[in-house]
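Terminal number for the sequence shown in this note's numbering: 1117, no gaps in between.
C-beta: ideal position from N, C-alpha, C; glycine also.
Here's the structure, in structure tokens; my notes come after.
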Amino acid sequence: MKKSFREFLKEQSTVIFDGAMGTELLNRGFSLDFPLEWANIANPELVKEIHTDYILAGAQCIETNTFGANECKLKIFGFENEVERINRSAVKIAKEVADDKVFVIGSVGPLGKPVGSGFEIDTRRAREVYKRQLYFLLDEGVDAIIFETAASTHEVQIAIEALKELNDKIPYIIQFSFTKELSTIYGEDIYMVTEFLKVTDADVVGLNCGNGPQKTLEALKVFSQHLKGPFSVQPNAGYPQLVQGRLIYSTSAKYFASFVPEYIKLGAKVVGGCCGTTPEHIKAIKEKVKEFLPSIEVEVVERKEEQKTVLKDTPSELSQKLGKKFIFTVEISPPKGIELEKTKEGVKLLKDAGADTVNIADSPMARVRISPIALAHILKEELGMESILHFTCRDRNLISLQSELLGAAALGVKNVLALTGDPPSIGDHPQAKPVFDVNSEGLVLILSRLNSGTDYMGNPIGKATNFTIGVALNLNADDLEKEIEKLKHKIENGAHFIETQPIYKPETLERFLEKVNFSLPPILGGILPLRSSRHAEFLHNEVPGITIPDKIRERMRSSKEPAKEGVEIACEIVEKIKHMVSGIYIMPPFEKYEMAVEIIKNFKH
């Protein structure tokens, strides 16, 4: 009877894994038009051939062709419904070739997109995806699981939890992938990763992909200093070159294997290859292991601590007022064109009345308007009025989001309301393609990282921004519990204040505050003064998230001066909620800024 993988691992001084599957499939003619894991179904004989060649070369463990066989990655090709078939087939193929003579390791790669609050794949969804793939691998009887090419400690933790729910006894390996700068593609440096690995119970931890053998050696030196091991090492065959449309790895098998003694000296027990490696590379590793006897003590490299002082931008005026004085901010409508005089006149009126800031919408209702960043800068420079910049995820990818935010900070625009944004389909350019790389929760996280002096990927930006980060709250949400949970994530990600949707029933705010069991930043209560009975009926019947009580709608219907009545109603609501909030966010209808002026004056004087 074959020993368990864990027993085998303990007994052996060195364990040889196989090399690349993906690049070998491509080298042997498999089409890029399909996920590489589809070869398990479309051409199982080719997969068997590669497994067999690695075993003949000396591999004692082979990995299943399932690196990207998760629902998220397969969905790119429209194969998301083939998760079970692909994973089960992969294990059956590998076990048939292994014939109980070598070990079959279930390969599990990352999901391919950022994971967490505010992203397309949140923690709950990620756990479901991992659990589904792992179930099929375990059910078909793999000897161990390898989480490889990892780039996020958070994502790996989710994957481990999913594995433990299914089987908390099976051996597992964790391998991280680093850039040349020894950080992951998500900006986690190697020291952060080693701290995470210290608290896992993985049988082996190590490195794969990303770098060739030399840079992998540097990373392993750091691992050897901070971790006990045993380690696994599976580098790429150098860095690829694009030749006639194909990626070519040129590192020879002999050169690749020459690093094996150094790896073993540093505590590596598992050695193999990743992208670009072939059965020839594995054969060279086997020969090098045979001739090498590890008799040198483990080497370590000292970590050089660098004390860095991050310079930070100056704070906004709003940030110094929040929670200390009662704030009034008024939403203004950015013009469609470049004529700004009417807008400036309105802002002057609001400033003279005592407004602390103005809110500038970001192409609201997905209709083209002037850049809110440009308008905010002009109002600050020419009128001395600070703005709260509405900033949406609709039109910008991760790069553009950060680029524009840095530009805003450089122009002195430092207050941002993080919003997901209306879909283009409801606007004046319905054919425009939405982006939504992140939602409002993710945008808050990006703003927080810029405030800490790095971009989203952890790359330093020099002087840190000092954004005051706001978030929206719908008190009339159909599922208030879910809305509260979303708000909690936004606050955890770094939100500094909250602006609510229009309030017409103070009881909704009271109900919300009673349900919340966590600390809240300052709240600015939303007030949308009613202009007419028709306006009230439209909001109540056609605008999601707004409910206007019958008594208020009746008052608007019976009033001879509906606009004046609307202001009076607004002031009554402010009076009832002012002890529960830190300020008021006024949304005057149809650019009727004089209505906002009347409300502000009623409480300022």
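Distance from the CA of residue 930 to the CA of residue 1007, rounded to the nearest whole angstrom, comes to 9 Å. Of all C-beta pairs linking the stretch 705–713 to the stretch 643–658, fewer than three are shorter than 8 Å, placing the two stretches out of contact. Counting along the chain, residue 1011 sits inside the beta strand (DSSP E) bounded by residues 1009–1014.
When the beta-carbon positions are compared, residue 605 and residue 553 stay at least 8 Å from each other. By the criterion of a C-beta distance shorter than 7 Å, residue 672 is surrounded in its chain by 712, once the five residues flanking it on both sides are discounted.
Excluding five sequence positions before and after residue 617, the CB atoms of its chain that fall closer than 8 Å to its own CB belong to 517, 529, 573, 574, 575, 576, 654, 655, 656, 657, 658, 685, given in chain order. Annotation for residue 795: the continuous alpha helix (DSSP H) segment containing it runs 791–803. Using a Cβ distance threshold of 8 Å, residue 789 and residue 749 count as a contacting pair.
Taking every protein chain shown into account, the CB of residue 1040 has 16 or more other CB atoms within 10 angstroms, so this residue is buried. The C-alpha of residue 593 lies about 40 Å from the C-alpha of residue 1013. According to DSSP, residue 771 shares a beta bridge with no other residue. Beta-bridge analysis with DSSP links residue 575 to 617. Annotation: residue 600 to residue 550 spans about 12 Å, alpha carbon to alpha carbon. In the DSSP assignment, residue 921 falls within the unbroken alpha helix (DSSP H) covering 910–922.
The C-alpha of residue 948 is placed about 41 Å away from the C-alpha of residue 782. In the three-state reduction of the DSSP assignment, residue 963 falls in the helix class.
According to the DSSP assignment, residue 745 belongs to the beta strand (DSSP E) that extends over 743–746.
Per DSSP, reduced to three states, the secondary structure at residue 687 is strand. Restricted to the stretch 836–905, the beta strand (DSSP E) segments that are unbroken, complete and at least 3 residues in length are 839–844, 869–872, 899–904, listed in chain order.
By the neighbour-count criterion, in which a residue is buried when 16 or more other Cβ atoms sit within 10 angstroms of its Cβ, residue 972 is exposed.
Using a Cβ distance threshold of 8 Å, residue 584 and residue 624 count as a contacting pair. Among the bridge pairs identified by DSSP, residue 980 is matched with 927. Within the model, the alpha-carbon separation for residue 799 versus residue 566 is close to 14 Å. The Cβ-Cβ distance between residue 905 and residue 956 does not fall below 8 Å.
A Cβ-Cβ separation of about 5 Å places residue 845 in contact with residue 1103 under the 8 Å criterion.
By the C-beta density criterion, residue 688 is buried, having at least 16 other C-beta atoms within 10 angstroms.
When DSSP reads this structure, residue 718 sits in a beta bridge with 687, 744. With contacts defined as CB atoms closer than 8 Å, residue 1058 and residue 1035 fail to qualify as a contacting pair.
A distance of 8 Å or more separates the beta carbons of residue 970 and residue 722.
Closest by C-alpha distance to residue 522, out of 895, 877, 743, 868, is 743. Rounded to whole angstroms, residue 892 and residue 863 show a C-alpha spacing of 12 Å.
Taking C-beta atoms under 8 Å as the contact rule, residue 1005 and residue 960 qualify, at a distance of about 6 Å. Below 8 Å, enough C-beta pairs join the stretch 834–843 and the stretch 871–884 to call them touching: three or more. A distance of 8 Å or more separates the beta carbons of residue 634 and residue 514.
Per DSSP, residue 782 is one residue of the beta strand (DSSP E) stretching across 780–783.
The residues 776, 781, 783, 801, in chain order, have a CB closer than 7 Å to that of residue 526 in the same chain once the five nearest residues on each side in sequence are set aside.
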